[in-house]
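Residue numbers (this note's numbering): 49 to 189.
Glycine included, each C-beta is placed from N, C-alpha and C at the ideal position.
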């Protein structure tokens, strides 16, 4: 029993050290672009609310909350672009791990969008009779 309590104490003290190190690593990365990725947004957060929160830190170029196509609600993340990297850094320092619409938001440098591979071409070969076959599998009746 004593072993379990000492083991638990080591884990709990180590996790706080680990959390501090992870927080410093996450915060210490320098910005290379004035575009920020904002995560942890409420489902009710709109472009206007995000713009109001980030406007005091500098001149905004673009503010976009990513929304679901069907429901038009926030997916929980967005992007904010400033005119300079210094303004973006000030916003990151001022709003990282702060509350917005009742949720804690996290601000990281935005990564460049990776190009998507083109979809494979849809080739339908006519059969010997000249008709195309339907590849749908399932029961019809």
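Minimum C-alpha distance to residue i - residue among the options
i           : options               : result
residue 100 : 115, 162 and 139      : 139
residue 136 : 116, 124, 111 and 152 : 111
residue 127 : 91, 114 and 121       : 114
residue 153 : 81, 89 and 129        : 89
residue 83  : 102, 91 and 92        : 102
residue 108 : 117, 119 and 133      : 133
residue 78  : 150, 158 and 164      : 158
residue 149 : 124, 119, 120 and 117 : 124
residue 46  : 91, 129 and 146       : Only positions 49 to 189 of the chain appear in the structure, and residue 46 is not among them; the question remains open.
Per-residue DSSP class, three states only, for residue i
i           : result
residue 124 : strand
residue 95  : helix
residue 69  : Here residue 69 scores only 42 on pLDDT, less than 50, and its place in the model is too uncertain to base an answer on.
residue 159 : coil
residue 46  : With the chain covering 49 to 189 only, the question about residue 46 has no answer from this structure.
For residue i, the residue or residues it bridges with in DSSP
i           : result
residue 105 : Answer by DSSP bridge pairing: none, since residue 105 is not bridged.
residue 87  : 125 and 154
residue 79  : Answer by DSSP bridge pairing: none, since residue 79 is not bridged.
Beta-carbon spacing of residue i, residue j below 8 Å
i           : j          : result
residue 122 : residue 80 : no
Through-space distance from residue j to residue i, alpha-carbon basis
i           : j           : result
residue 141 : residue 168 : 44 Å
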